[in-house]
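Colleague: If you count by my numbering, then the sequence shown holds residues 133 to 743, one letter each, in order. Sharing a structure here in structure tokens format.
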Amino acid sequence: MNSRTLPFLLLLLLGLGGVYLLTRGERDSPAPAGPLAVEPFLVALDGVEPTRIEVKNFVDEQKRYAFDLGSIPWRMTVPNEDEAAPAHLRSFLRQIDGMERRLFAAADKITDKMLKESGLDAPRGKYILGTDDREIEVWIGDEGYALMDAAGGQPLQTLFVRMDGALYLVPKGFDQLMETNPEELRNKILFVSGPNDIRSLRVVRLDDEGEKAEVRIQKRKNGRYYLELPYQTPINRQVFANWLGGLLSVRIQEFLPVEKSDAAALGPKLQYKPWLTIEMENSSFKEHVEIIRGPDGRVFAKKKGRPSLMLVDDRTFRVLATTPPQTLISTALWAWSPIEAWKIQVEVSSLASETKRGQILVLENQRPQAGFKMISPRVVASDARRNNELFAALETCKILGLAEGAEALEAQRLLAQPDVEVKLTPIPGNRRSTFSVKIAKGSAGRFFGTTTESDLVFRLDCPGFDKLGKAWWRYVQPVAFRYPPGRPILHIRLSRPDKKPVLARFDAKGWLLDGKPSEDMDEVFDTLRKLVAREILGEVKLGEAARRLASAQTLGTLEFYQGPPEKEEGPVATLRLSEEEAGVLAVNGNDGLLYRLRAPDARDLKKILEW
């Protein structure tokens, strides 16, 4: 080093020192002495969310607010007596509910230097958070250190606050409510009810002639919405959702104080009768809004409990004012799906020629097993495919609209004695009520119906109507032979025309056929168990089935007993066999139906008749 380079080195050191002194103030803040104790922020309020919030910004005097939790979720009391913007309050509450505070210095350890370097010697503002029996003050300072978590994730940006005398670090962003502009904290949504919490909606409309029309929708105990006025009927869910969605999205464009001077400036608007009056009730409070049309085409809202006249967009209210009440009627005929019923009862008056007048078919759900069985007019297994056809025919019946004028008179006359009445009985313990539908076929192929949930007469679309009048035996499983389970069959008696009866009995030696051992009985029972008919022709005593049986040739009768021959108590099952040109017929004595057998089964049975 020589004398010429020394001055340059001195200048370099002085420059670096100056840079250090200039930047020290930016970097210098109280450094944590070690790991910080962490605890929930709301422990300061005994773990309870505040019901009162006061915000004071010491830098911007206009940003001073106060909020109370009242009947409406949050109400602003300073600077305006009005509804508070729910989104901002919910965001703040969610923030502090999950927020942690880190103890930087206990109250007795705080120095003036700490207060100065944390910005708490002259706080930017403060929050006052209160509950019914406790209140805390949170003073807001400057930004704190970026803290790393133990897992080495993203650094946590922090903010210095002082509460209960101690110095804490909390996540950055806690001061956002204090920095929010006043107009953002005033609720600009006209209705604050949630879409899933609405209990009732009432709309009173005033037409151009001054006549009032009222629409009232109510949520009942079963959780469904019903139109109560001008009709009593289930609601069209989609139309109601559109109504509700439109109302809950209406935003306020401008607030106009309701004072005499302002009213005079607005002209005669405030003296007009409301164009619409809307009452919306939820589980906690009711909202009452009047919609007023001004002569200049603008639309204003007056809401009970809000101090201002509010300028709003009129599109939603035009829809409410012009939608006919008929569009609110549900197009669903069924309150719930027939396949969810415990019992389905179908009473047919005079619909099909194959059906006896007044036939009642009752199917019972076999829960927890799948499917339905028939319990009336016989207790017998029903055919799943036929059941599904019935369910499809029922569920495809839809409401087209109201029957009105001459059409309504025709419908009422026909429905006094409907062609079909369907009754759905809910599963025991379910809160649903028994539900029934009456259906009648009118002139020109029109269908009409009524339900237990409505006082209206509807025009229906019933594409599967012809399937509703099927005779009860159409739903029976085509099993041509059945006998009660439990006790075994101990003897069988075979009777044939002009031949001596044959007796098969079971004893300790096995099966005996007319006293002689028989090894073929297992095959006989196997044939009978598989006796699935080609088709069911009807009840043996009625109609075409009776005529065919009368003209057929009798082949024989098999009677089955569950006791020994010497103690006959009557057969538990019978199978009568006849033959016609189209094949072998069988009468199952347990259900009184006539079956036509498949050709292979007919051959096997004819062999049995050769005993």
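Glycine residues also receive a C-beta, built at the ideal position from the N, C-alpha and C atoms.
Could you check whether the stretch 638-645 touches the stretch 542-556, counting it as contact only if at least three pairs of C-beta atoms, one from each stretch, sit closer than 8 angstroms?
Modeller: no
Colleague: Just reading off the alpha helix (DSSP H) that ASN720 is part of, what are its end residues?
Modeller: The count along the sequence shown starts at 1 and reaches residue 720 at position 588. Where ASN720 is concerned, there is no enclosing alpha helix (DSSP H), although the beta strand (DSSP E) around it starts and stops at 715-720.
Colleague: Starting from LYS739 and walking both ways along the alpha helix (DSSP H), at which residues does that stretch end?
Modeller: Along the sequence shown, read from residue 1 onward, the residue named residue 739 stands at position 607. Residues 731-740.
Colleague: Using a Cβ-Cβ cut-off of 8 angstroms (strictly less than) and excluding sequence neighbours within five positions of GLY157, which residues of its own chain qualify?
Modeller: The sequence position of residue 157 within the sequence shown is 25, counting from 1. Because the pLDDT at GLY157 is just 39, under 50, the model does not fix this residue reliably, and the value given afterwards should be weighed accordingly. Cβ neighbours of GLY157 beyond the five flanking positions: none.
Colleague: Reducing DSSP to helix, strand and coil, say where THR137 ends up.
Modeller: Indexing the sequence shown from 1 puts residue 137 at position 5. Residue placement at THR137 is flagged as unreliable, the pLDDT there being 49, under the threshold of 50; the coordinate-derived value follows with that caveat. If DSSP states are grouped into helix, strand and coil, THR137 belongs with coil.
Colleague: Check the DSSP bridge columns for ASN189 and list the partner residues they point to.
Modeller: Locating residue 189 in the sequence shown gives position 57, where the first residue counts as 1. Beta-bridge pairing links ASN189 to GLY257.
Colleague: So what's ASP797 in DSSP terms, helix, strand or just coil?
Modeller: Past the boundaries of the shown model lies residue 797; the chain is included only from 133 to 743, so the question cannot be answered.
Colleague: Pick helix, strand or coil for ALA216, following the three-state DSSP scheme.
Modeller: Residue 216 sits at position 84 when you count from the first residue of the sequence shown. ALA216: strand per DSSP, three-state reduction.
Colleague: In the DSSP assignment, what residue or residues form a beta bridge with MET412?
Modeller: As a working mapping, residue 412 is identified with position 280 in the sequence shown. LEU333, GLU419.
Colleague: For the beta strand (DSSP E) containing TRP468, list its first residue and its last residue.
Modeller: As a working note, residue 468 is residue 336 in the sequence shown. It is not in any beta strand (DSSP E) - TRP468 carries neither H nor E in the DSSP assignment.
Colleague: Rounding to the nearest angstrom, what Cα-Cα distance links ASN750 and LEU588 in this structure?
Modeller: Outside the displayed range of the chain (133 to 743) lies residue 750, so it cannot be described from this structure.
Colleague: Alpha carbon to alpha carbon, how far is GLU585 from GLU472? Give it in angstroms, no decimals.
Modeller: By 1-based counting over the sequence shown, the position of residue 472 is 340. By 1-based counting over the sequence shown, the position of residue 585 is 453. Going by the C-alpha atoms only, they are around 18 angstroms apart.
Colleague: Let's test the definition: count the other Cβ atoms within 10 Å of the Cβ of SER416 and tell me whether it reaches 16, buried, or not, exposed.
Modeller: Here residue 416 is taken as the residue at index 284 of the sequence shown, counted from 1. When all chains shown are included, SER416 counts as exposed.
Colleague: For the stretch 515-549, which segments carrying the beta strand (DSSP E) assignment without a break, of at least 3 residues, lie completely within its bounds, in sequence order?
Modeller: 530-534
Colleague: Please identify the residue among LEU522, VAL569, TYR607 whose C-alpha is closest to the C-alpha of SER508.
Modeller: Stepping through the sequence shown from its first residue, residue 508 is reached at position 376. With distances taken between CA atoms, SER508 lies nearest to TYR607 out of LEU522, VAL569, TYR607.
Colleague: For LEU707, verify whether its CB is less than 8 angstroms away from any heavy atom of the ligand SAH.
Modeller: Looking for the ligand SAH in the displayed structure turns up nothing, as the structure carries no ligands at all.
Colleague: For a quick check, are the C-beta atoms of LEU177 and ILE260 less than 9 angstroms apart?
Modeller: Against the sequence shown, residue 177 aligns to sequence position 45. Against the sequence shown, residue 260 aligns to sequence position 128. With respect to the 9 angstroms criterion, LEU177 and ILE260 are not classified as neighbours on the basis of their beta carbons.
Colleague: Within 10 Å of its beta-carbon, does ASN354 have 16 or more other beta-carbons around it, so buried, or fewer, so exposed?
Modeller: Walking along the sequence shown from the start, residue 354 turns up at place 222. By the 10 Å Cβ count, ASN354 comes out exposed.
Colleague: Kindly confirm or deny that the stretch 314-331 and the stretch 374-392 touch, where touching means at least three C-beta pairs closer than 8 angstroms.
Modeller: Proximity of the stretch 314-331 to the stretch 374-392 meets the contact definition, three or more beta-carbon pairs being nearer than 8 angstroms.
Colleague: In angstroms, rounded to a whole number, what distance separates the CA positions of LEU709 and ALA684?
Modeller: Here residue 709 is taken as the residue at index 577 of the sequence shown, counted from 1. Here residue 684 is taken as the residue at index 552 of the sequence shown, counted from 1. Per the coordinates, the alpha-carbon of LEU709 lies some 10 angstroms from the alpha-carbon of ALA684.
Colleague: Would you report the Cα separation of GLU360 and THR448, rounded to the nearest angstrom?
Modeller: The count along the sequence shown starts at 1 and reaches residue 360 at position 228. The count along the sequence shown starts at 1 and reaches residue 448 at position 316. If you take the alpha carbons of GLU360 and THR448, they lie about 22 angstroms apart.
Colleague: Hey, out of LEU522, GLN385, THR454, whose CA is closest to VAL431's CA?
Modeller: For the purposes of this step, residue 431 is taken as the residue at position 299 of the sequence shown. The shortest Cα separation from VAL431 among LEU522, GLN385, THR454 belongs to GLN385.
Colleague: Reducing DSSP to helix, strand and coil, say where MET231 ends up.
Modeller: Sequence index remark: in the sequence shown, residue 231 carries index 99 (1-based). Residue state, collapsed to three classes: coil.
Colleague: Mind the definition here: the stretch 534-548 touches the stretch 557-575 only if three or more C-beta pairs lie below 8 angstroms; say whether that holds.
Modeller: yes
Colleague: Do you know offhand how far GLU422's Cα is from PRO406's?
Modeller: Taking the sequence shown and counting its residues from 1, one reaches residue 422 at position 290. Taking the sequence shown and counting its residues from 1, one reaches residue 406 at position 274. Each residue's Cα considered, the two are about 6 angstroms apart.
Colleague: Measure the C-alpha to C-alpha separation of ILE208 and PHE504 and round it to an integer number of angstroms.
Modeller: Stepping through the sequence shown from its first residue, residue 208 is reached at position 76. Stepping through the sequence shown from its first residue, residue 504 is reached at position 372. Note on residue identity: the sequence assigns Met, not Ile, to residue 208. Near 60 angstroms, if we compare the C-alpha coordinates of PHE504 and MET208.
Colleague: My output table needs one value for GLU129: the three-state DSSP class, helix, strand or coil.
Modeller: The displayed coordinates of the chain run from 133 to 743. Any statement about residue 129 would go beyond what the structure contains.
Colleague: Within this structure, are the beta carbons of ILE772 and LEU333 separated by less than 9 angstroms?
Modeller: In the structure as shown, the chain starts at 133 and stops at 743, and residue 772 therefore has no counterpart that could be examined.
Colleague: Taking DSSP as the reference, what is the three-state secondary structure of ILE492?
Modeller: On the sequence shown, residue 492 is found 360 positions in, with the first residue counted as 1. The answer is strand: DSSP assigns ILE492 an E or B state.
Colleague: Taking the alpha carbon of GLY262 as the point to measure from, which residue in PRO287, ALA216, PHE199 has its own alpha carbon closest?
Modeller: As a first step, residue 262 is located in the sequence shown; it is residue number 130 there, counting from the start. The option with the nearest alpha carbon to GLY262 is PHE199.
Colleague: List the endpoints of the continuous beta strand (DSSP E) containing TRP643.
Modeller: Residue 643 sits at position 511 when you count from the first residue of the sequence shown. TRP643 -> beta strand (DSSP E) spans 642-645.
Colleague: Which residue wins for smallest C-alpha separation from PRO456, given the options VAL371, VAL180, PHE387, GLY426?
Modeller: Along the sequence shown, read from residue 1 onward, the residue named residue 456 stands at position 324. Nearest of VAL371, VAL180, PHE387, GLY426 to PRO456, Cα basis: VAL371.
Colleague: Between GLN248 and ASP240, what straight-line distance do the alpha-carbon atoms span, to the nearest angstrom?
Modeller: Taking the first residue of the sequence shown as position 1, residue 248 is located at position 116. Taking the first residue of the sequence shown as position 1, residue 240 is located at position 108. Looking at the sequence shown, residue 248 is not Gln but Lys. Each residue's Cα considered, the two are about 16 angstroms apart.
Colleague: If I'm right that GLY257 touches ASN212 with Cβ under 8 angstroms, what's the distance once you round it to whole angstroms?
Modeller: Here residue 257 refers to the residue found at position 125 when the sequence shown is read from its first residue. Here residue 212 refers to the residue found at position 80 when the sequence shown is read from its first residue. No, GLY257 and ASN212 are not in contact; Cβ-Cβ is about 19 angstroms, not under 8 angstroms.
Colleague: Since LEU376 is in the alpha helix (DSSP H), which residue starts that stretch and which ends it?
Modeller: As a working note, residue 376 is residue 244 in the sequence shown. Start and end: 369-380.
Colleague: For the beta strand (DSSP E) that SER586 lies in, which residues bound it at each end?
Modeller: Position 454 of the sequence shown holds residue 586. Premise fails: SER586 is in no beta strand (DSSP E) and is neither H nor E.
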